[in-house]
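Participant: Chains as they are written, first to last, in the working numbering: chain C, 3 to 71; chain G, 12 to 232; chain B, 58 to 300; chain S, 9 to 230.
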Amino acid sequence: MIDRLAAFLAMGGHGGFVWGAYATAAIVLLAILAASLLRVQREERALQRLAEAGGRRGGRARGPAGPAA
Amino acid sequence: MNAFRAILVRDLRLALRQGGDAAAVVLFFVLAASLFPFGVGPEPNLLARVAAGVIWVTALLAVMLGLDRLFLADHEDGSLEGMVASPAPMLVIVLAKCLAQWLLSGLPLVLATPILAIFLQLPAEGLPALLGALLLGTPTLVLVGAIGAALVLGARRGGVLLALLVLPLTVPVLIFGVAAADAAIAGLPARPHLLVLGAMLLAALAAAPFAAAAALRQAVE
Amino acid sequence: MVMHRFANPARFLRFAAVALPWFSAAAVLCMAAGLAFGLFVSPADYQQGETVRIMYVHVPSAWMAMFAYTVVAGGSISALVWKHPLGEIVARAAAPIGTGFTLVCLVTGALWGKPMWGAWWVWDARLTSVLVLFFLYLGYMALLGAFDDPVRGGRAASILAIVGLVNVPIIKWSVDWWNTLHQPASVARMDGPAIHSSMLVPLLLMAAGFACYFAAVLLLRVRAEVAARRIRTLRLAAMEAES
Amino acid sequence: MSAFAASRFTGAGLGCVRGERIVFQGLSFEVAGGTALTLIGPNGAGKSSLLRLMAGLLAPAAGKLLWNGAPVADDPDAHRARLRWLGHGDGIKPGLSALENAAFWAALAGAPGEAALGALQRMGLGPLAETPARFLSQGQRRRLALTRLLLGGAALWLLDEPTVGLDAGSVAVVEALLADHCRAGGMVVLATHVPIAVPAGQVLELTPAAVPPPSHSPSPSP
Numbered sequence: 003m004i005d006r007l008a009a010f011l012a013m014g015g016h017g018g019f020v021w022g023a024y025a026t027a028a029i030v031l032l033a034i035l036a037a038s039l040l041r042v043q044r045e046e047r048a049l050q051r052l053a054e055a056g057g058r059r060g061g062r063a064r065g066p067a068g069p070a071a
Numbered sequence: 012m013n014a015f016r017a018i019l020v021r022d023l024r025l026a027l028r029q030g031g032d033a034a035a036v037v038l039f040f041v042l043a044a045s046l047f048p049f050g051v052g053p054e055p056n057l058l059a060r061v062a063a064g065v066i067w068v069t070a071l072l073a074v075m076l077g078l079d080r081l082f083l084a085d086h087e088d089g090s091l092e093g094m095v096a097s098p099a100p101m102l103v104i105v106l107a108k109c110l111a112q113w114l115l116s117g118l119p120l121v122l123a124t125p126i127l128a129i130f131l132q133l134p135a136e137g138l139p140a141l142l143g144a145l146l147l148g149t150p151t152l153v154l155v156g157a158i159g160a161a162l163v164l165g166a167r168r169g170g171v172l173l174a175l176l177v178l179p180l181t182v183p184v185l186i187f188g189v190a191a192a193d194a195a196i197a198g199l200p201a202r203p204h205l206l207v208l209g210a211m212l213l214a215a216l217a218a219a220p221f222a223a224a225a226a227l228r229q230a231v232e
Numbered sequence: 058m059v060m061h062r063f064a065n066p067a068r069f070l071r072f073a074a075v076a077l078p079w080f081s082a083a084a085v086l087c088m089a090a091g092l093a094f095g096l097f098v099s100p101a102d103y104q105q106g107e108t109v110r111i112m113y114v115h116v117p118s119a120w121m122a123m124f125a126y127t128v129v130a131g132g133s134i135s136a137l138v139w140k141h142p143l144g145e146i147v148a149r150a151a152a153p154i155g156t157g158f159t160l161v162c163l164v165t166g167a168l169w170g171k172p173m174w175g176a177w178w179v180w181d182a183r184l185t186s187v188l189v190l191f192f193l194y195l196g197y198m199a200l201l202g203a204f205d206d207p208v209r210g211g212r213a214a215s216i217l218a219i220v221g222l223v224n225v226p227i228i229k230w231s232v233d234w235w236n237t238l239h240q241p242a243s244v245a246r247m248d249g250p251a252i253h254s255s256m257l258v259p260l261l262l263m264a265a266g267f268a269c270y271f272a273a274v275l276l277l278r279v280r281a282e283v284a285a286r287r288i289r290t291l292r293l294a295a296m297e298a299e300s
Numbered sequence: 009m010s011a012f013a014a015s016r017f018t019g020a021g022l023g024c025v026r027g028e029r030i031v032f033q034g035l036s037f038e039v040a041g042g043t044a045l046t047l048i049g050p051n052g053a054g055k056s057s058l059l060r061l062m063a064g065l066l067a068p069a070a071g072k073l074l075w076n077g078a079p080v081a082d083d084p085d086a087h088r089a090r091l092r093w094l095g096h097g098d099g100i101k102p103g104l105s106a107l108e109n110a111a112f113w114a115a116l117a118g119a120p121g122e123a124a125l126g127a128l129q130r131m132g133l134g135p136l137a138e139t140p141a142r143f144l145s146q147g148q149r150r151r152l153a154l155t156r157l158l159l160g161g162a163a164l165w166l167l168d169e170p171t172v173g174l175d176a177g178s179v180a181v182v183e184a185l186l187a188d189h190c191r192a193g194g195m196v197v198l199a200t201h202v203p204i205a206v207p208a209g210q211v212l213e214l215t216p217a218a219v220p221p222p223s224h225s226p227s228p229s230p
């Protein structure tokens with residue numbers, strides 16, 4: 003079993019290149035995904051906070067800033 | 012079109028009175044190209060092989076350098092919004108300024124090319140094709156560069172950003188410009204390459220002013 | 058003409074909430090199947106051996122790099138020509154993903170070139186075009202952030218994206234011609250062997266997976282962009298209410 | 009001073025957005041031939057934006073501009089032919105002489121070259137025609153910029169704070185210029201912080217807070 007796995011990983015001597023290629027794709031795509039997820043959470047949490055803050059001070063600000071759609 | 016003539020005459024008169032900018036572009040071109048022998052070594056037939064490419068790339072960079080002032084001076088002193096609000100059509104403004112810019116920075120490069128051809132051991136039979144290619148190519152570079160110059164108006168690092176935006180778009184002109192000279196050196200006809208450069212120039216003349224006008228319009232908003 | 062037309066594109070947010078899980082699931086499934094077929098089932102190439110498996114990542118990323126740029130340019134056109142408020146947001150959201158795919162394509166191209174020709178970078182026609190596309194992406198994003206006013210940057214970048222779209226075919230044609238001029242016929246072209254049917258399955262699966270990934274992340278980034286714009290509007294309104 | 013055909017310049021329900029800020033909305037105005045409209049209000053209230061909108065430099069986000077009832081957007085070239093714009097920047101090139109500067113704007117306005125000298129004399133800059141603009145004082149530069157208004161016989165003058173940084177003498181010259189223009193049937197719209205004596209006309213005050221914060225009721229989205 004182990005040697006079949008080793009042969010598979012070796013990729014006919016070009017293992018470094020093949021796995022390098024797949025690793026690159028994985029790293030770049032996951033990095034973009036992570037960055038996008040973080041950004042969405044950060045922006046939407048800030049929007050939520052701002053909307054609530056707007057609601058609490060509604061008295062002074064003309065026209066209450068209703069809950070974010 | 013006295014508006015076209017007025018803008019052209021004004022820009023030429025301003026540049027020739029100040030003198031500095033036009034000379035700076037040509038001096039950069041000659042200096043940058045003359046650096047290559049120090050880099051790749053003075054060995055004649057090596058230089059001969061790369062001469063056309065070196066001349067073209069440095070000409071390309073020289074034109075880009077001269078372009079970021081194209082609309083900036085007018086933008087800063089209020090002339091640009093005055094011109095946009097004037098009856099003169101936007102395309103006329105853009106074309107007049109591009110012609111003035113080419114006469115000041117494109118044409119002098121072509122005139123300085125023979126000197127560099129000697130410095131870089133360019134084979135003699137390649138020179139006419141190279142000059143023809145530069146004559147057809149530099150106006151295209153100015154027209155495409157004008158779009159970039161209008162786009163970066165009001166941007167923070169205008170100058171270097173202009174080159175980053177526009178250089179990728181100049182690859183076709185560079186490819187056929189050098190190919191024309193190489194073909195002539197190899198004894199092949201350079202005409203097809205020059206025809207392609209002419210086609211690119213016509214396309215740029217037709218399309219670039221619209222993009223530059225759109226960019227100017229939102230720059231003076 | 059509604060004044061707050063970009064205040065809250067509620068309809069889009071509802072669509073995004075529904076579509077996101079589907080795209081995400083499809084992306085994961087397609088890529089898993091693609092990897093399974095690509096790495097295990099499909100045979101090694103008689104000439105290139107195992108390195109041909111790099112194609113299952115390299116080629117789809119090239120396709121996506123091109124497709125993403127058309128999304129950027131399409132969004133820019135709808136923003137400038139039809140004044141659609143979401144156009145610029147979609148373009149702004151698609152650009153980083155497209156850049157990522159272009160980067161993947163270039164790196165995997167080098168990793169494929171090294172074993173095949175012994176050189177990390179080969180001025181192959183397609184690779185060179187992708188390199189120029191990479192510069193176009195960088196130019197777009199640099200222009201986007203070069204202005205203090207995000208709307209001004211958006212509009213300038215939209216014009217550049219359209220100019221870029223017009224130039225992409227011309228650049229591609231010139232680079233192909235240049236490549237045939239300088240490349241002796243003997244060196245195998247980048248597309249390697251004719252694609253054997255058993256290789257087509259993983260290729261298309263990976264392409265579908267990348268496309269669904271692109272759609273999912275695009276929706277995420279558009280949601281983030283809409284939220285960011287709403288925050289700026291709220292802050293401005295609050296500031297005016299105080300003054 | 010050629011008399012201008014009687015005409016009306018009106019704006020209906022105009023809205024303006026700069027960046028993501030709604031500068032003003034639902035704004036209307038009317039200027040008749042021979043009268044002036046003075047825009048006043050604190051900074052950021054949208055005086056300049058309204059002027060730029062009238063000049064066609066800025067597209068309105070809502071509403072329409074009408075000239076004698078016809079929408080201006082239908083024929084922007086004709087609109088630009090009948091207006092002269094003077095913003096904060098003088099648009100004067102120090103490297104050129106006063107006459108060369110004036111001749112440039114004359115050519116752009118489609119006026120004959122000789123009109124430039126006449127305009128210079130009208131503004132009292134006749135003797136300085138040949139001097140390079142960089143030697144002119146601030147007041148003289150402003151008057152040189154104002155010569156642009158006299159070229160090409162435009163009915164509508166749009167001036168953004170024309171008298172900023174001017175001494176009393178120059179302000180008087182500006183006021184006389186506006187009076188002559190209105191007497192000849194022309195129109196003037198100017199934004200200003202300092203009082204400027206203007207013949208018959210109205211005042212439009214722009215207040216920044218004229219805009220309620222964007223409502224959050226889900227407005228009909230695109």
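No residue lacks a Cβ here, since even glycine has one placed at the ideal position from N, Cα and C.
These figures come from a predicted structure and were not determined experimentally.
1) Which partner residues of S:Phe37 appear in the DSSP bridge assignment?
2) Could you give the first and the last residue of the continuous alpha helix (DSSP H) run that contains S:Thr200?
3) Determine whether the beta carbon atoms of B:Ser215 and B:Leu143 lie at a separation below 8 Å.
4) What three-state label does DSSP hand S:Lys72 in the structure shown?
5) Any heavy atom of the ligand PLP closer than 7 Å to the CB of G:Ala123?
6) Which of the residues in the stretch 207-241 of chain B, read from start to end, lie with their CB under 9 Å from any CB of chain G?
7) Say whether chain B places a C-beta atom closer than 8 Å to the C-beta of C:Glu45.
8) Rounded to whole angstroms, what is the Cα-Cα separation between B:Val283 and S:Arg29?
9) Taking 6 Å as the limit between beta carbons, can you name the residues of its chain near G:Val95, skipping five residues before and five after?
10) Considering S:Glu108, what are the terminal residues of the alpha helix (DSSP H) in which it resides?
11) Which residues does DSSP pair with S:Ile48 in a beta bridge?
12) Can you name the start and end residues of the beta strand (DSSP E) that S:Arg92 belongs to?
13) Residues in its own chain within less than 8 Å of B:Met58 by CB, not counting five upstream and five downstream?
14) Which runs of the alpha helix (DSSP H), 4 residues or longer, sit entirely within the stretch 194-248 of chain B?
15) How far does the beta strand (DSSP E) with C:Asp5 in it reach, from first residue to last?
16) Can you list, in chain order, the residues of its chain whose CB lies under 7 Å from that of G:Leu19, leaving out five sequence neighbours each side?
17) Could you give the distance in angstroms between the alpha-carbon of B:Val98 and the alpha-carbon of B:Gly91?
18) Could you please tell me which residues of the stretch 86-104 of chain G, in chain order, have their CB closer than 8 Å to any CB of chain S?
19) Please confirm whether B:Gly196 has its beta-carbon closer than 8 Å to some beta-carbon of chain G.
20) In whole angstroms, what is the alpha-carbon distance linking G:Leu141 and G:Val189?
21) Which residues of chain S have a Cβ atom closer than 7 Å to the Cβ of G:Ala17, listed in chain order?
22) Roughly how many whole angstroms lie between the Cα atoms of S:Ala78 and S:Pro135?
23) Quick check on DSSP: helix, strand or coil for G:Ile129?
24) Spell out whether any CB of chain G is found under 8 Å from the CB atom of B:Val189.
25) Could you give the residue range of the alpha helix (DSSP H) that holds G:Leu71?
26) Considering only C-alpha positions, which residue in the set B:Trp79, B:His115, B:Val223 and B:Arg212 is nearest to B:Arg149?
27) Ignoring anything shorter than 4 residues or poking outside the stretch 128-203 of chain G, list the alpha helix (DSSP H) runs there in chain order.
28) Since I believe S:Gly52 is in contact with G:Gly89 (beta carbons under 8 Å), could you give me their beta-carbon distance rounded to a whole number of angstroms?
29) Using beta carbons (cut-off 8 Å, strictly below), is S:Glu246 in contact with chain B?
30) By alpha-carbon positions, which one of G:Ala201, G:Leu78 and G:Leu178 ends up nearest to G:Trp113?
31) Return helix, strand or coil for S:Ala14, following the three-state DSSP convention.
32) Whole angstroms is fine: what's the gap from S:Arg156's alpha carbon to G:Leu178's?
33) With 8 Å set as the bound, which would you pick, yes or no: does the beta-carbon of G:Arg24 sit closer than that to a beta-carbon of chain S?
34) What is the DSSP secondary structure of G:Pro98, reduced to helix, strand or coil?
35) From S:Ile100, S:Lys101, S:Pro84 and S:Leu104, pick the residue whose C-alpha is nearest to that of G:Ala99; which is it?
36) Kindly indicate if chain G contains any beta-carbon less than 8 Å away from that of S:Ala55.
Facilitator: Taking the coordinates as given:
1) For S:Phe37, DSSP records a beta bridge to S:Gly19.
2) First-last for S:Thr200: undefined, no H or E at that position.
3) No.
4) Looking at S:Lys72 - three-state DSSP - the assignment turns out to be strand.
5) Questions concerning the ligand PLP fall outside what the structure shown contains, since it holds no ligand whatsoever.
6) So the list reads Arg209, Gly210, Arg212, Ala213, Ala214, Ile216, Leu217, Ile219, Val220, Gly221, Val223, Asn224, Ile227, Ile228, Trp230, Ser231, Val232, Trp234, Trp235 and Leu238, given in the order they occur along the chain.
7) Taking Cβ atoms only, chain B reaches closer than 8 Å to C:Glu45, which makes this a yes.
8) In a straight line, the C-alpha of B:Val283 is about 16 Å away from that of S:Arg29.
9) Annotation for G:Val95: Val231 place their beta carbon closer than 6 Å to its own, counting only its chain and skipping 5 residues before and after.
10) Start and end: Ala106 to Leu116.
11) Partner(s): S:Glu213.
12) Counted as a single uninterrupted DSSP element, the beta strand (DSSP E) harbouring S:Arg92 occupies residues Leu91 to Leu94.
13) Only weak support is given to the placement of B:Met58: the predicted model assigns it a pLDDT of 39, under 50, and the value that follows is read from those uncertain coordinates. Once the five neighbours on either side are set aside, B:Met58 has no close Cβ partner at all.
14) Inside the stretch 194-248 of chain B, DSSP marks whole alpha helix (DSSP H) runs of 4 or more residues at positions 207-239, from first to last along the chain.
15) Element bounds for C:Asp5: not the beta strand (DSSP E) but the alpha helix (DSSP H), Ile4 to Ala12.
16) Ala107, Leu110 and Ala111, listed in sequence order.
17) In a straight line, the C-alpha of B:Val98 is about 10 Å away from that of B:Gly91.
18) Here the close residues are Glu87, Asp88, Gly89, Ser90, Glu92, Gly93, Met94, Val95, Ala96, Ser97, Pro98, Ala99 and Pro100.
19) Closer than 8 Å: yes.
20) The C-alpha of G:Val189 is placed about 7 Å away from the C-alpha of G:Leu141.
21) Simply Phe112, Ala115 and Leu116.
22) One Cα belongs to S:Ala78, the other to S:Pro135, and the distance between them is close to 43 Å.
23) Of the three classes helix, strand and coil, the one that applies to G:Ile129 here is helix, per DSSP.
24) So yes, B:Val189 belongs to the interface.
25) Segment Pro55 to Leu78, the alpha helix (DSSP H) holding G:Leu71.
26) Ranking B:Trp79, B:His115, B:Val223 and B:Arg212 by Cα distance to B:Arg149 puts B:Arg212 first.
27) Counting whole runs of 4 or more residues, the stretch 128-203 of chain G contains the alpha helix (DSSP H) stretches 138-162, 169-177 and 182-196.
28) Under the criterion of beta carbons closer than 8 Å, G:Gly89 and S:Gly52 do not qualify as touching, at roughly 20 Å.
29) Chain S is shown from 9 up to 230; residue 246 of chain S falls before or after that span and cannot be answered.
30) Nearest neighbour of G:Trp113 by Cα position, chosen from G:Ala201, G:Leu78 and G:Leu178, turns out to be G:Leu78.
31) Coil at S:Ala14, not helix or strand.
32) Taking the Cα positions, S:Arg156 is about 39 Å away from G:Leu178.
33) In terms of beta-carbon proximity, G:Arg24 lines the interface with chain S, with at least one pair separated by less than 8 Å.
34) DSSP places G:Pro98 in the coil class of the three-state scheme, outside both helix and strand.
35) When S:Ile100, S:Lys101, S:Pro84 and S:Leu104 are compared, the shortest CA-CA separation from G:Ala99 is found for S:Pro84.
36) One point to set straight first is that residue 55 of chain S is Lys, not Ala, in the sequence displayed. Not one chain G Cβ lies under 8 Å of S:Lys55.
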